[in-house]
Amino acid sequence: MLPARFEYHRPESLEEALQMLSTLEEPKVLAGGQSLIPLMKFRFASPSNLVDINRIPALDRIAEENGVLRIGPLVRHHDVETSEVVSARYPVLAAAAPQIADPIVRNLGTVAGSIAHADPAGDWGSVMLAVGASFVLRSAAREREVAASEFFRDLFTTAIEPNEMVTEIRVPAPSGRVGGAYLKLERKVGDFATVAAAVHVRMDDGRIGQAGIALTGVGTTNIKASDAEASLAGAEPTEDAFAEAARLAAAAANPVSDVRGSAEYKRHMVEVYVKRGLARAVESARAA
Amino acid sequence: MRVTVTINGVERTADVEPRLLLVHLIREVFELTGTHIGCDTTSCGACTVLLDGMPVKSCTLFGVQADGHEITTVEGLVQGGQLHPIQAAFKEEHGLQCGYCTPGMMLVAKALLERNPTPSDEEVRWAISGNICRCTGYVNIVKAIQAAGNAMAAPTASAAASA
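Taken in sequence, the protein lines are chains A and B.
According to the working numbering, the first sequence is numbered sequentially starting from 66.
According to the working numbering, the second sequence is numbered sequentially starting from 35.
What follows is the structure, given as structure tokens:
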């Protein structure tokens, strides 16, 4: 199908873009468009005004500065996949990036756009929950920072106000030995996750100092498995500890039965993937 | 809205609605129908073109986004009336049956081989994982792409071999 009519705007600066978000009717930011345009083609979204930010310079930076990995709004999935600092120091991001959609979509799709779109089957939401990221939201009038844990509210619904856009994603730099994994079950390459689990661990003297666990495709938002995380704080990294955390994570999931599988199957796979993910994350932390 | 794109080295201009998808700009307005539409869901990759050398799914971009950019479609592979080595390789290695996915496959191959002229099976399969083929089972597509890479890396040698 074809999208409904809209007015198209191409600001040349971030300030101009933010002005447009404040003055235009039903504005929507167009970055990669790899989630927005498919929705518009089905007419599930029909924004009156599209604000194309692709010509604005310097929005595609990804750099670690002062203890924070800063990801700009035009950083493409491919940029994360090929980033040296991400490969070296941010294992969950490094594990997830190559698994987003397919290589062609990864050329255009952006991390910030994916976050703002807030599809519970989206991968980056779980990654950002697992690593304790935060998002900078700017409007013409103000700038604020929202933690990932406060950001995802409901199906395709976030803390973003209509006149705001995500201008930066901030991931805390690792302190100590960290490891991570992103396990994604998909029916075929490029499909959405049937289920996926993002796992992040920081080791403390051979024990798990802190764990981040978040789930894809099993709720109305990406789900932070807080009880599972809590069970691992200060824990010895044993099979039993992983199994218990996995059980708690599965209990936190809220899958529905659909073409990709029954709710029971998805819940079971959450348990399998969290257990496997923890083993992998701890192993990669030890090797770090 | 006025859009000017350089398609296969030729500057073309059109006046279109912003909602016109790039694939429709290419097929309907510029009448280059080698770029195909195979799905409604950004899944199949039959619509793949190169935007400033980078593979994109033209069904998931608006034509107006390509304003001022360079586009390569399958029609742009032929050079001076000669098949591009990628086209020749797809022919030699039987890398197509119905041909519907082939333009997309060949353009992805072009982008791949330009940065990695001797990709392994794994690397080729990874690069084409955004392009679906219903006919071939991919085996001959992989062979064709590797053969093209070899031909492009040593053109004199392969010309001598086929003489």
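In this text, a Cβ means the ideal position worked out from N, Cα and C, and glycines have one as well.
Small disclaimer: the values here were computed from a predicted structure and weren't measured.
With 16 or more other CB atoms across the displayed protein chains lying within 10 angstroms of its CB, LEU147 (chain B) is buried. As for any alpha helix (DSSP H) of minimum length 4 sitting wholly inside the stretch 111-165 of chain B, the runs are 119-126, 136-149, 155-161, ordered along the chain. Looking at the backbone, the Cα of GLN99 (chain B) and that of THR106 (chain B) are separated by about 15 Å. Taking the CA atoms as reference points, ALA145 (chain B) sits about 7 Å from PRO89 (chain B). Here DSSP, grouped into helix, strand and coil, assigns HIS265 (chain A) to strand. Selection A:LEU343, A:PHE71, A:LEU124 evaluated against THR303 (chain A) yields A:LEU343 as nearest (Cα-Cα).
Per DSSP, THR88 (chain A) is one residue of the alpha helix (DSSP H) stretching across 79-88.
Taking the C-beta atoms as reference points, ILE118 (chain A) is found nearer than 8 Å to PRO138 (chain A). Annotation: the stretch 251-321 of chain A contains the following complete segments of the alpha helix (DSSP H) (minimum length 4 residues), in chain order: 291-297, 304-317. When the Cα atoms are used, GLY271 (chain A) and GLU301 (chain A) turn out to be separated by approximately 7 Å. Counting along the chain, PHE217 (chain A) sits inside no alpha helix (DSSP H); it lies in the beta strand (DSSP E) bounded by residues 217-219. The beta carbon of HIS58 (chain B) sits closer than 8 Å to those of GLY97, all from its chain and outside the five residues before and after it, given in chain order. Rounded to the nearest whole angstrom, the CA to CA distance from GLY241 (chain A) to LEU280 (chain A) is 24 Å. Minimum Cα-Cα distance from ILE288 (chain A) among the listed residues A:PHE71, A:THR175, A:ASP188, A:ARG70 corresponds to A:ASP188. Below the 9 Å Cβ cutoff, chain B contributes GLU51, PRO52, ARG53 as neighbours of ARG70 (chain A), in chain order.
Taking the C-beta atoms as reference points, THR38 (chain B) is found nearer than 8 Å to GLY102 (chain B). Chain-ordered, the chain B residues with CB closer than 8 Å to the CB of GLY98 (chain A) read THR94, LEU95, PHE96, GLN99. Here ALA205 (chain A) is near GLN84 (chain A), since their CB atoms are less than 8 Å apart. Taking every protein chain shown into account, the CB of PHE109 (chain A) has fewer than 16 other CB atoms within 10 angstroms, so this residue is exposed.
If only complete runs of 4 or more residues are kept, the stretch 172-221 of chain A shows the alpha helix (DSSP H) at 176-182, 188-195, 213-216, in order along the chain. PRO103 (chain A): member of the alpha helix (DSSP H) spanning 101-106, first to last residue. Boundaries for PRO52 (chain B): no beta strand (DSSP E) harbours it, and the DSSP string shows neither H nor E there.
Excluding residues up to 5 positions away in sequence, ASN174 lie with their Cβ nearer than 7 Å to the Cβ of HIS128 (chain B) in the same chain.
VAL145 (chain A) has a beta carbon lying at 8 Å or more from every beta carbon in chain B. Using beta-carbon distances, GLY137 (chain A) does not count as an interface residue toward chain B, since no partner is under 8 Å. In the DSSP secondary-structure assignment, ILE234 (chain A) is bridged to A:ILE136, A:PHE200.
With a threshold of 8 Å between beta carbons, VAL196 (chain A) makes no contact with chain B. Annotation for LEU115 (chain A): the continuous beta strand (DSSP E) segment containing it runs 114-117.
At a cut-off of 8 Å, the C-beta of LYS144 (chain B) has no neighbouring C-beta in chain A. Distance from LEU84 (chain B) to LEU141 (chain B) at the Cβ level is roughly 5 Å; contact confirmed, criterion being Cβ atoms closer than 8 Å. In this structure, the beta-carbon distance from GLY110 (chain B) to GLY43 (chain B) falls below 8 Å.
The alpha-carbon separation between LEU313 (chain A) and ALA328 (chain A) amounts to approximately 16 Å. The beta carbon of PHE107 (chain A) sits closer than 7 Å to the beta carbons of MET66 from its chain, once the five residues preceding and following it are set aside; these are given in chain order. For the stretch 61-89 of chain B, the set of residues with a beta-carbon nearer than 9 Å to any beta-carbon of chain A comprises ASP74, THR75, THR76, SER77, GLY79, THR82, LEU85, MET88, PRO89, in chain order.
The beta-carbon separation of ALA263 (chain A) and ALA195 (chain A), rounded to 4 Å, stays under the 8 Å limit for a contact.
Judged by DSSP in its simplified three-state form, GLU149 (chain A) adopts helix.
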